[in-house]
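Worksheet for the structure shown next.
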Amino acid sequence: ENLILEKTSKVVDDLAEELHSISVDTYGEPINPSIPLENIIDHGNIHGWLANQINIASVREAAFIKDMLDTNSGDEAVHVVTAILDAFAVQGQACGVV
Numbered sequence: 276e277n278l279i280l281e282k283t284s285k286v287v288d289d290l291a292e293e294l295h296s297i298s299v300d301t302y303g304e305p306i307n308p309s310i311p312l313e314n315i316i317d318h319g320n321i322h323g324w325l326a327n328q329i330n331i332a333s334v335r336e337a338a339f340i341k342d343m344l345d346t347n348s349g350d351e352a353v354h355v356v357t358a359i360l361d362a363f364a365v366q367g368q369a370c371g372v373v
């Protein structure tokens, strides 16, 4: 999600920040990576907590992407799609490295 924001900000500047902020306001902040997971996990319902966090992150990211696509057209939309796909490719490569 942050990588999508970073890459699309290079294409549409403040619009990406604004749309991401709307998705965060609507669906909540991403988990702060500096806080140890053991301090935020619901230990009585680990699987339910994790499933809920994945759902929230997926919906927030999807809403951000949809808004980016809905508010851009023409050549700018092509550049936005390219930036989004590039973010997914970079993330995929990072996850594939062991």
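276 is the number of the first residue of the sequence shown in the numbering used here; add one for each residue after it. Glycine included, every Cβ here is placed at the ideal spot set by N, Cα and C.
- With a threshold of 16 other beta carbon atoms within 10 Å, Lys282 meets it and is buried.
- When secondary structure is reduced to three states using DSSP, Asn277 falls in the helix class.
- One Cα belongs to Ala362, the other to Gln328, and the distance between them is close to 21 Å.
- Note that the C-beta distance between Met343 and Leu290 is below 9 Å.
- In the structure shown, Ile310 adopts coil according to DSSP, grouped into three states.
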